[in-house]
Amino acid sequence: MNTIDNCRTDANNRRGSALAMTAFLVAGTATISLGLMLTTSASSKEARSLREQQAAMLAAEAGMNAAYVDFMAGGIGAVGSEANPMELGGSTFFVDSVDLGDDITSLVATGLDNRSGVRLQLVLRRTIEVTPLFAAFGDEGVTMDSNAFVDSYNSSDGDYASQKVNGSGNDRWANENGNVGSNANIGLRQNSGIHGDATPGPSGSVSIVGNAEVSGATAAATALQDMPPLDIPTGTSAGNYTVSGTSSLGPGTFFFDDFTISSNSTLNVTGPITLVVNSATLNSNAELWIDASNGGANIYVIDDFIMDSNTMLAATSFDPADVTLNLNSDNVIDPDNEVDLDAVDFDSNAKMYGTIYAPNAYVEINSNFELFGAIVARRVHLDSNSKIHFDENLMDQDEDEEPTVETLFWRELPYSHTGEQVTPSLEPADNGYGQEQQSY
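So for the sequence shown, the working numbering puts the first residue at 1239; every next one is plus one.
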């Protein structure tokens, strides 16, 4: 009996141990399963949160793209609103536009997906690039000899002669917008006159000798004017081009080496035309006329440019806006460089209706030369009895330029799930726009 009882006791003990082990294993498995469930749940939440954040970012970027397109088209850049957002799939977005003054606008795009949100800010400046226009501007100075003369007229109101009704005798003039400017000094000698302002550079001055006269202001500029380099078209030259007698050219784009109009010869050009030459010479009594009915003339001269006495360069309309002469010539001695100096000559009794841009050249307007339009050069000197008549219509042409848009600032803003959204100040260390500046 004891043996049987002992066997039963051992069996019961083994069953108890097995039950205990089973219970332990079940409990352990339950714990692991619970842990896996919690981990899976957390991972699922993180994945869902990440998907929502990515969707919100895409919505914010879509909103900013729409706002940017609207702004570039002349709008203010506002898209939707917080109360009436735009939909994108299962997400929404809206863009707020705020005028910060000084032609600066802040665009803040908000993208939302469930409880996730993203805010992006883009700060833009929209301006119309109006180049300050002068009858004559010399980067390194402007000088005027005795009886040199600058005034203005408006080609849209008729020819210069019909507007030259002020003053008397040899001192007759048209209008008083014949402004002269420089990034350095301006000097007027005896009997010379400026019917307009004389504006030297910020550290420059105006020197007036004897009875020379400036009708307008002589205060210095507050900032330097830019003198951007020429962007000259490139192409294959067709060799030299010479006109003897009467010839015609255009429309189109043409590349030549030496471009010459012989004495007493005439070239009739049909625009639009772009003419790129190594050198150009209009010999005495030569004429270059541009028919700008369908477009004007852009002339680029890489080296020498010479207008001999009694020559004419003009559009048949006599509108200075129709002719642009770009001179890449460098005829200024620079001690730091050894260069073959180019010739730039505007001789006596010649006339030109157009604008001249010569950022590298010292341009001397000889006695009795008349320019109807404007000139900008490295240096400008007007000889005695030379005349510049600024065409006020050029200012109207400049004001018609399309606005330009500059990106000042681009960043991601904090987003709050509750409460009012806060936009950090845009005026940190460098007074505004630059610490996180990027292109958009």
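Using N, Cα and C, we set each Cβ at its ideal position, and we do this for glycine too.
Simplified DSSP state of residue i, which is helix, strand or coil
i, result
"SER1523", "First, the amino acid is wrong: residue 1523 is Asn here, not Ser. If DSSP states are grouped into helix, strand and coil, ASN1523 belongs with coil."
"SER1430", "coil"
"GLN1359", "strand"
"PRO1597", "strand"
"MET1295", "helix"
"VAL1514", "strand"
"ASP1572", "Annotation note: pLDDT 44 at ASP1572 (below 50); position unreliable, coordinate value reported separately. Looking at ASP1572 - three-state DSSP - the assignment turns out to be coil, as it is neither helix nor strand."
"ASN1413", "strand"
Distance between residue j and residue i (C-alpha atoms, nearest Å)
i, j, result
"GLY1355", "GLY1419", "54 Å"
"GLY1434", "ASP1585", "25 Å"
"VAL1614", "SER1344", "37 Å"
"ASN1303", "GLY1327", "16 Å"
"THR1593", "PHE1375", "12 Å"
"ASN1623", "SER1482", "31 Å"
"GLU1608", "ASP1469", "27 Å"
"ARG1410", "GLU1451", "14 Å"
"PHE1372", "GLY1416", "7 Å"
"ALA1476", "ALA1553", "24 Å"
"ILE1544", "ALA1524", "11 Å"
"SER1486", "ALA1596", "27 Å"
"SER1393", "LYS1402", "12 Å"
"TYR1479", "VAL1539", "14 Å"
"ASN1521", "SER1453", "37 Å"
"ASP1621", "ALA1559", "25 Å"
"ASP1529", "GLY1312", "35 Å"
"MET1324", "SER1441", "54 Å"
Pair within 8 Å by beta-carbon distance, residue i and residue j
i, j, result
"SER1461", "PRO1438", "With the sequence shown as reference, residue 1461 is identified as Ala, and Ser is not the correct amino acid for it. No, these two residues do not count as a Cβ contact at 8 Å."
"LEU1632", "MET1590", "no"
"ASN1566", "ASN1536", "no"
"ASP1383", "SER1445", "no"
"ALA1347", "VAL1333", "yes"
"GLY1509", "GLY1473", "no"
"HIS1627", "SER1400", "no"
"VAL1514", "PRO1471", "yes"
Exposure label - residue i; buried when at least 16 CB within 10 Å
i, result
"GLU1602", "buried"
"ALA1457", "exposed"
"SER1503", "buried"
"LEU1350", "buried"
"ARG1232", "Nothing about residue 1232 can be read from this structure; the chain reaches only from 1239 to 1678."
"THR1330", "buried"
"LEU1505", "buried"
"LYS1625", "buried"
"THR1661", "exposed"
"ALA1612", "buried"
"ALA1298", "buried"
"ALA1321", "exposed"
Any chain D beta carbon closer than 8 Å to residue i
i, result
"ASP1541", "Among the chains in the structure shown there is no chain D, since it carries only a single protein chain."
First and last residue of the uninterrupted alpha helix (DSSP H) at residue i
i, result
"TYR1653", "Note, TYR1653: premise wrong, no alpha helix (DSSP H); not H, not E."
"SER1335", "Per DSSP, SER1335 belongs to no alpha helix (DSSP H); it is in the beta strand (DSSP E), 1329-1339."
"ALA1399", "1398-1401"
For residue i, the first and last residue of its enclosing beta strand (DSSP E)
i, result
"SER1344", "1342-1351"
"ASP1612", "One detail in the question is off: residue 1612 reads as Ala in this sequence, not Asp. Residues 1608-1620."
"GLU1325", "1324-1326"
"ALA1552", "1550-1553"
"GLY1490", "1490-1499"
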